[in-house]
Amino acid sequence: MGANQYGHRTSGVSHNLSPMRLAKGTRLQMKKGDRSNEAAELLLANARDFLSGGIDLLFRKGATSRDAKLAVISIQTAVELFAKYRIVRDLGFSDIVRKGVIPRGGDLLVAAGLGHFTTIGYDACLEKVADLEWIGEWQRNLIGELQKMRNTLVHFAGTLEAKDARNTVAALLVQVLALFAAGQARDNPEMLTHRQFLDGRSFEVLTTHPEYLVEAYDAASSDLNADAIFTCWNCKQETLTLRPADTYFCWTCGLSAHKEVAGFAPCWQCHQENVVCYDRLNETGGTHYGRCLSCNSTAFVSYCGWCGAIKSEAAPQELEKCRCREET
Numbered sequence: 557m558g559a560n561q562y563g564h565r566t567s568g569v570s571h572n573l574s575p576m577r578l579a580k581g582t583r584l585q586m587k588k589g590d591r592s593n594e595a596a597e598l599l600l601a602n603a604r605d606f607l608s609g610g611i612d613l614l615f616r617k618g619a620t621s622r623d624a625k626l627a628v629i630s631i632q633t634a635v636e637l638f639a640k641y642r643i644v645r646d647l648g649f650s651d652i653v654r655k656g657v658i659p660r661g662g663d664l665l666v667a668a669g670l671g672h673f674t675t676i677g678y679d680a681c682l683e684k685v686a687d688l689e690w691i692g693e694w695q696r697n698l699i700g701e702l703q704k705m706r707n708t709l710v711h712f713a714g715t716l717e718a719k720d721a722r723n724t725v726a727a728l729l730v731q732v733l734a735l736f737a738a739g740q741a742r743d744n745p746e747m748l749t750h751r752q753f754l755d756g757r758s759f760e761v762l763t764t765h766p767e768y769l770v771e772a773y774d775a776a777s778s779d780l781n782a783d784a785i786f787t788c789w790n791c792k793q794e795t796l797t798l799r800p801a802d803t804y805f806c807w808t809c810g811l812s813a814h815k816e817v818a819g820f821a822p823c824w825q826c827h828q829e830n831v832v833c834y835d836r837l838n839e840t841g842g843t844h845y846g847r848c849l850s851c852n853s854t855a856f857v858s859y860c861g862w863c864g865a866i867k868s869e870a871a872p873q874e875l876e877k878c879r880c881r882e883e884t
């Protein structure tokens, strides 16, 4: 994490929603009728650009203190936009309006483009997100660290080393991408990842950074909504949580998928528990094909619907039929 010598928290900046093209690959699910869909798309497109640009600048080889300053400002802007994105997506466009003159029956998106009103600040955004989902004090402190850093850099010309900024940003974005960007989509079994919020190169750079991986592991381990934790078949990190909605969510790569897509079994080769990831939806002769995420061995899995016993072997013919019904 970064140092704590940065300035005091102030209210966040306001963002103008001007018309622009939606970033390639963006996928949304909205529900409000006040053009919230379009507003959320614009917020997400802007957030994606600011975040990817900031990461490219901060994590490039030979990044300077000046690069770090500009990157932190860009990334903090993205963080605030992601918070507003979740509010608009889940509550509606009007929930981010702070003050202004909006004609009765007027178009909020047009009014925003004309600058007829301003949006709520960052602290108010946090409170609205907290109404949607519990945010712990340690999460608030982590999220607030970058805001303090940004405010000091902008107002008081503070100095910043690129390495310190990278560590702070990497740890912070684990929480931001989950709570603000993904939000309730973590319970939508659509096989999405955080790639929808980042350019391809920025995604790879961020999700392989050591500080990011440490924070992702801690986040998965302390997730109060996690019924179990597995190794993710997408990024190979032990940060895939099983949520109460019977969906998987990975704190590292952001993978979201339905529980029925994949299951986990002990490995016949390395004898570790829950490391063989297998295809639950397809079976041949009562067995499922899988692979160990630890030793990379091919495995065939059998599951007993009566007693819940699950085991794997190197070949399907080696799997013995469960005898639980014979023993009762």
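Under the working numbering, think of the first position of the sequence shown as 557, with each following residue one higher. We put the beta carbon where it would ideally sit given N, CA and C, even for glycine.
Pairwise C-alpha distance: residue j and residue i
i: I866; j: M747; result: 25 Å
i: T674; j: Y834; result: 50 Å
i: F759; j: G864; result: 38 Å
i: R836; j: F820; result: 9 Å
i: D623; j: C806; result: 30 Å
i: K815; j: T620; result: 44 Å
i: R577; j: E597; result: Low confidence applies here, because R577 scores a pLDDT of 31, under 50, leaving its location unreliable; read the following figure in that light. Rounded to whole angstroms, R577 to E597 spans 9 Å at the Cα level.
i: R722; j: F615; result: 7 Å
i: L849; j: S778; result: 23 Å
i: G581; j: A775; result: Its pLDDT being 37, under 50, G581 is placed unreliably by the model, and nothing is read from it.
i: L728; j: N830; result: 29 Å
i: G610; j: W789; result: 28 Å
i: K640; j: L735; result: 12 Å
i: L702; j: L613; result: 16 Å
i: T724; j: Y773; result: 16 Å
i: K625; j: V635; result: 15 Å
i: G861; j: R742; result: 28 Å
i: V644; j: G677; result: 14 Å
CA nearest to the CA of residue i, picked from the options
i: L794; options: E869, G810, G618; result: Going by the sequence as given, residue 794 is Glu instead of Leu. When each option's Cα is compared against that of E794, the closest is G810.
i: T843; options: L688, Q828, E876, N852; result: E876
i: C681; options: V831, D646, T797, E760; result: D646
i: R642; options: I629, V653, L600; result: L600
i: A784; options: V770, A801, N790; result: A801
i: G618; options: N781, E839, G739, A718; result: A718
i: C791; options: D743, S812, G648, R742; result: S812
i: R757; options: N593, Q695, L607, N602; result: L607
i: V732; options: V857, N830, R696; result: R696
i: W694; options: E771, D651, L626; result: E771
i: N744; options: I629, Y804, E839; result: Y804
i: A627; options: C823, D720, Y845, I652; result: D720
i: V761; options: A726, A782, W862, A737; result: A726
i: A879; options: D755, Y859, A741; result: The amino acid at residue 879 is misidentified as Ala; the sequence shows Arg. Nearest of D755, Y859, A741 to R879, Cα basis: Y859.
i: L637; options: F753, R591, A870; result: F753
i: A595; options: D651, I631, T633; result: D651
i: A737; options: Q873, Y845, R604; result: R604
Buried versus exposed call for residue i [16 or more other C-beta atoms within 10 Å across all chains shown]
i: H750; result: buried
i: A818; result: buried
i: T787; result: buried
i: H827; result: exposed
i: D679; result: exposed
i: D687; result: exposed
i: T797; result: buried
i: G841; result: exposed
i: G692; result: exposed
i: L780; result: exposed
i: W824; result: buried
i: N852; result: exposed
i: T633; result: buried
i: A855; result: buried
Residues bridged to residue i (per DSSP)
i: D835; result: A818
i: C848; result: V832
i: L754; result: None; L754 has no bridge partner.
i: V653; result: T675
i: T787; result: Answer is none; T787 lacks a bridge partner.
i: A813; result: Y804
i: E717; result: Beta-bridge pairing links E717 to no other residue.
i: E859; result: It should be noted that the sequence gives Tyr, not Glu, for residue 859. In DSSP, Y859 forms a bridge with I866.
i: L798; result: A784, Y804
i: L748; result: S812
i: T843; result: T840
i: T854; result: R847
Closer than 7 Å: residue i CB and nearest the ligand HEM heavy atom
i: C791; result: Absent from the structure shown: the ligand HEM. Ligands present: none.
**Report entry** Segment contact flag, the stretch 758-767 with the stretch 701-709, C-beta cutoff 8 Å, min 3 pairs
**Finding:** In short, these stretches do not touch, since the Cβ pair count stays below three.
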